[in-house]
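Asker:
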Amino acid sequence: MEDLIILKNLKKIYKMGDEKIIALNNINLSIKKSEVICLLGTSGSGKSTLLNMMAGLEKPTKGEIIINGIHLEKMNENRVTKFRQLNVGFVFQSYNLISTLSALENVSLGLTFKGISKSKRDKMAKEMLENVGLGDRLHHKPSQMSGGQQQRVSIARAFVDNPKIIFADEPTGNLDTKTTFEIMDLITGMAKENNQTLIIVTHDVEISSYANRIVYIRDGSIEKIKQNEIITQGEMANEANL
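Residue numbers (our numbering): 3 to 244.
1) Run the CB neighbour count on Tyr212, radius 10 Å, all protein chains shown included, and call it buried at 16 or more, exposed below.
2) In whole angstroms, what is the alpha-carbon distance linking Leu244 and Lys116?
3) Note down the Cα distance separating Ser50 from Phe94, rounded to an integer number of angstroms.
4) Put Lys64 into one of helix, strand or coil per three-state DSSP.
5) From Val155 to Ile69, what distance separates their C-alpha atoms?
6) On the DSSP bridge list, what partners appear for Asp5?
7) Suppose contacts are defined by Cβ-Cβ distances below 7 Å. Is Ala105 in contact with Leu74 by that definition?
8) Is DSSP giving Ala160 helix, strand or coil here?
9) Using 7 Å as the limit for Cβ to Cβ distance, is Leu42 near chain B?
10) Quick check: the Cα distance between Gln146 and Asp138, rounded to an integer number of angstroms?
11) Reducing DSSP to helix, strand and coil, say where Gly191 ends up.
12) Can you tell me whether Gly91 is buried or exposed? The criterion is at least 16 other CB atoms within 10 Å of its CB, across all chains shown.
13) Among the residues of its own chain, which have a CB less than 6 Å from the CB of Met126, if the five just before and after it don't count?
14) Assuming contact is defined by CB atoms lying nearer than 7 Å, are Pro62 and Leu103 in contact in what I supplied?
15) Rounded to whole angstroms, what is the Cα-Cα separation between Ser96 and Thr179?
16) Please report the distance separating the alpha-carbon of Leu41 from that of Leu140.
Right, here's the structure in full:
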């Protein structure tokens, strides 16, 4: 399977007064199409900075970010924004929903910028919300939903236009254990079904069990990469009962 994302000698240095902080130090990594990757590390290890680099949210100090043959680091802000709109979906720890909008409106909002008609946007959003088990919550606002339901809206928003890449940054950080497994089963299941590349950032070893490969990040560097078998919620439950 061919590589979708290639990182070459990636470095990120922040300046704080006279001090230089190396957030990423010569990262080299290739991620294949349809692969589930977990960036695993403690707080401050550089894993979220690495995700931000791949998503075009931050510019590297040095190095190359090649996605589907395109050099992201050479693009200006407008081109990167357009690239994200066409190719990327995000799932965040804090959900990032607009409080004044319903679930349907939150999911369909991103489609507005693609010139899709309102009737088609609403149809796509409705179908996706039904896919994540929220067919009866279409017109509920975030304050009327549980954390797990809000994260399902966030997932529906990320997947609604079938992007090539899904970035999930601590997607279960605000959820209880049962809901965590349900959400991870949902995200990884949908990515596999749609042949999407899924990149998960977490500090949780249990979450990393869902990935094909685990990339251990420490002090801005890749410590090691481990091949892994994906474990679902059901398999975890069976292991717990042994």
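Don't be surprised by glycine CBs; every beta carbon is placed ideally from N, CA and C.
Answerer: Taking the structure as given:
1) buried
2) The predicted position of Leu244 is uncertain, since its pLDDT is 46 and thus under 50; a value taken from the coordinates is nonetheless stated next. Roughly 50 Å between the two C-alpha positions.
3) 11 Å
4) strand
5) 27 Å
6) Lys34
7) no
8) helix
9) Looking for chain B here will not work: only one protein chain is present.
10) 12 Å
11) helix
12) buried
13) Val162
14) no
15) 16 Å
16) 33 Å
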